[in-house]
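Structure record follows, encoded as structure tokens.
Number of protein chains: 2
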Amino acid sequence: METETGTNWLNHEEQRAWRAHLDVSRLLMHKLERDLQPFGLTNNDYEILVNLSESEDHRMRMSDLAAATLQSKSRLSHQITRMENAGLVRRENCESDRRGLYGVLTDRGWETMREVAPHHVASVRQHFIDLLGASGIDALYGSLAPVAEHLRTRRKIG
Amino acid sequence: METETGTNWLNHEEQRAWRAHLDVSRLLMHKLERDLQPFGLTNNDYEILVNLSESEDHRMRMSDLAAATLQSKSRLSHQITRMENAGLVRRENCESDRRGLYGVLTDRGWETMREVAPHHVASVRQHFIDLLGASGIDALYGSLAPVAEHLRTRRKIG
DNA sequence: CTAAAGAAGTTGAATTCTGAACCAATCGAT
DNA sequence: ATCGATTGGTTCAGAATTCAACTTCTTTAG
Numbered sequence: 001m002e003t004e005t006g007t008n009w010l011n012h013e014e015q016r017a018w019r020a021h022l023d024v025s026r027l028l029m030h031k032l033e034r035d036l037q038p039f040g041l042t043n044n045d046y047e048i049l050v051n052l053s054e055s056e057d058h059r060m061r062m063s064d065l066a067a068a069t070l071q072s073k074s075r076l077s078h079q080i081t082r083m084e085n086a087g088l089v090r091r092e093n094c095e096s097d098r099r100g101l102y103g104v105l106t107d108r109g110w111e112t113m114r115e116v117a118p119h120h121v122a123s124v125r126q127h128f129i130d131l132l133g134a135s136g137i138d139a140l141y142g143s144l145a146p147v148a149e150h151l152r153t154r155r156k157i158g
Numbered sequence: 159m160e161t162e163t164g165t166n167w168l169n170h171e172e173q174r175a176w177r178a179h180l181d182v183s184r185l186l187m188h189k190l191e192r193d194l195q196p197f198g199l200t201n202n203d204y205e206i207l208v209n210l211s212e213s214e215d216h217r218m219r220m221s222d223l224a225a226a227t228l229q230s231k232s233r234l235s236h237q238i239t240r241m242e243n244a245g246l247v248r249r250e251n252c253e254s255d256r257r258g259l260y261g262v263l264t265d266r267g268w269e270t271m272r273e274v275a276p277h278h279v280a281s282v283r284q285h286f287i288d289l290l291g292a293s294g295i296d297a298l299y300g301s302l303a304p305v306a307e308h309l310r311t312r313r314k315i316g
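Chains as they are written, first to last, in this note's numbering: chain H, 1 to 158; chain L, 159 to 316.
Written out as structure tokens, the structure is:
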């Protein structure tokens with residue numbers, strides 16, 4: 001059912017779902033960011049540490065890292081420079097492709113990761129996971145997975 | 159069940175739900191932002207226009223606007239300055255509290271809103287709402303509402 | 001009535017982010 | 001082989017964001 005103007009506005013249920021997603025997204029990021037502050041890390045820092053930690057040889061190509069963390073190459077480049085200055089990662093040349101670079105976790109980066117991860121996970125639990133309950137978790141994933149899929153594929157195109 | 163270290167890591171279901179939320183959140187914001195670009199608006203611009211449009215007399219106190227849009231007073235102040243320069247809003251003194259200011263929608267702001275809103279809603283539908291389906295919408299809201307509530311209350315405190 | 005504390009907003013400097021321009025290396029077709 | 005198109009990555013300038021300091025007004029307590 002559309003209005004006379006032809007615009008298919010959101011109904012009440014749609015609005016509140018949309019707003020809930022928006023609010024949770026923003027408030028949660030903000031809270032997680034604050035919980036990381038005592039360790040001198042930002043959310044972005046942390047996510048990069050996670051990605052490198054879980055990778056073969058604790059290293060990833062810049063492009064792959066940018067794709068995995070959903071940010072532009074430019075932003076990642078700046079980010080890695082900062083983390084390099086902080087001693088958490090280093091750049092290393094790629095032999096198979098002389099244009100390429102690896103972002104590599106340093107020992108210090110790895111140590112930082114091992115120290116911080118438990119706190120971060122606790123934070124994610126406290127402010128998100130544990131509030132959902134098992135059924136909420138499945139419901140959430142069931143709802144969101146198709147959206148994520150849609151957006152990911154559309155990303156390559158546009 | 160915890161590991162020997164005492165940290166209650168996320169299991170597979172929890173991880174994928176968490177990541178889905180994260181990915182949707184970021185990809186969607188990015189996509190919506192891009193869809194607003196042709197109109198010369200950012201997401202933040204748009205949200206402020208919405209809030210003012212829906213308010214009595216098309217005006218809101220700065221503090222309330224900051225709270226409603228979940229941003230710091232500082233950020234909002236800069237934001238309003240930009241929008242003022244763009245002719246979308248203006249500041250107006252508050253008589254009942256001489257410290258206070260209103261952010262007020264200009265005619266141009268209102269026109270912009272009426273023009274852009276249909277496109278934005280279409281975008282939200284296309285990339286989010288319509289991918290969830292009716293059941294997904296309810297499931298999502300059911301899952302997220304308690305989290306949003308938790309975070310909102312915790313916000314005042316911390 | 002007054003002093004201290006708190007609330008409303010702004011400002012400015014430092015940081016981060018964005019988008020376009022750029023360089024260098026690789027690929028692909030002739 | 002070589003020329004054009006892509007890919008990987010950085011850099012620069014401009015815009016947005018953060019954080020702390022600051023001003024002005026209001027509220028509260030004595």
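Backbone N, C-alpha and C define an ideal beta-carbon position, used for all residues, glycine too.
Under 8 Å by beta carbon: chain L residues contacting residue i
i: Asp138 (chain H); result: Glu171, Ala175
i: Val121 (chain H); result: Thr165, Asn166, Trp167, Leu168
i: Tyr141 (chain H); result: Glu171, Arg174, Ala175, Ala178
i: Phe39 (chain H); result: The premise fails here: Phe39 (chain H) is roughly 15 Å from chain L at the closest Cβ pair, so nothing lies under 8 Å.
i: Leu131 (chain H); result: Pro304, Val305, His308
According to DSSP, residues forming a beta bridge with residue i
i: Gly103 (chain H); result: H:Met60, H:Arg91
Presumed contact (8 Å Cβ cut-off) between residue i and residue j, rounded CB distance
i: His150 (chain H); j: Leu289 (chain L); result: 5 Å
i: Leu259 (chain L); j: Glu250 (chain L); result: 7 Å
i: Ala175 (chain L); j: Tyr141 (chain H); result: 4 Å
i: Arg313 (chain L); j: Leu27 (chain H); result: 6 Å
i: Glu14 (chain H); j: Ile287 (chain L); result: 5 Å
i: Asp23 (chain H); j: Ser123 (chain H); result: About 18 Å; that fails the 8 Å criterion.
i: Gly136 (chain H); j: Ser293 (chain L); result: Rounded, the Cβ-Cβ distance is 15 Å, inconsistent with contact.
Residue environment, residue i, which counts as buried when at least 16 other CB atoms sit within 10 Å
i: Thr7 (chain H); result: exposed
i: His170 (chain L); result: exposed
i: Gln195 (chain L); result: exposed
i: Ser25 (chain H); result: buried
i: Gly267 (chain L); result: buried
i: Lys31 (chain H); result: buried
i: Ser232 (chain L); result: exposed
Cross-chain neighbours of residue i in chain L, by beta carbon under 9 Å
i: Lys31 (chain H); result: Leu309, Arg312, Arg313, Gly316
i: Arg90 (chain H); result: Chain L residues near Arg90 (chain H): none, gap ~26 Å exceeds 9 Å.
i: Asp159 (chain H); result: Past the boundaries of the shown model lies residue 159 (chain H); chain H is included only from 1 to 158, so the question cannot be answered.
Partner residues on chain H for residue i, Cβ-Cβ distance less than 9 Å
i: Asn251 (chain L); result: Those do not exist, as Asn251 (chain L) stays about 30 Å from chain H at its closest Cβ, beyond 9 Å.
i: Arg283 (chain L); result: Asn8, Leu10, Glu14
Neighbourhood of residue i by C-beta distance below 8 Å, restricted to the same chain and skipping five residues each side
i: Gln229 (chain L); result: Asn202, Gln237
i: Thr69 (chain H); result: Asn44, Glu47, Ile48, Asn51, Leu76
i: Gly245 (chain L); result: Thr264, Arg266, Gly267
i: Ala120 (chain H); result: Per the sequence shown, residue 120 (chain H) should be read as His rather than Ala. The answer, listed in chain order, is Leu32, Asp35, Leu36, Tyr46.
i: Val285 (chain L); result: Inspection of the sequence shows that residue 285 (chain L) is occupied by His rather than by Val. Within the same chain, His285 (chain L) has close Cβ partners Leu186, Lys189, Leu190.
Residues near residue i in its chain [Cβ-Cβ closer than 7 Å; skip 5 each side]
i: Arg177 (chain L); result: none
i: Gly103 (chain H); result: Leu52, Arg59, Met60, Met62, Leu65, Ile80, Val89, Arg91
i: Glu33 (chain H); result: Thr42, Asn43
i: Ala139 (chain H); result: none
i: Ala148 (chain H); result: none
i: Met187 (chain L); result: Asn201
i: Glu84 (chain H); result: Arg90, Arg91
Chain H contact residues for residue i, given Cβ-Cβ distances below 8 Å
i: Ala224 (chain L); result: Under the 8 Å cutoff, chain H gives no residues; its nearest Cβ is about 13 Å from Ala224 (chain L).
i: Asp215 (chain L); result: The premise fails here: Asp215 (chain L) is roughly 22 Å from chain H at the closest Cβ pair, so nothing lies under 8 Å.
Partner residues on chain H for residue i, Cβ-Cβ distance less than 7 Å
i: Arg184 (chain L); result: Leu70
i: Asp203 (chain L); result: What Asp203 (chain L) touches in chain H: nothing, since even the nearest Cβ is about 15 Å away.
Own chain, CB closer than 6 Å to residue i, minus 5 neighbours either side, in chain order
i: Glu111 (chain H); result: none
i: Met113 (chain H); result: Leu49, Ser53
i: Val274 (chain L); result: Phe197
i: Gly133 (chain H); result: none
Under 7 Å by beta carbon: chain L residues contacting residue i
i: Arg97 (chain H); result: Strictly speaking, residue 97 (chain H) in this sequence is Asp, with Arg absent from that position. Simply none; closest approach about 28 Å.
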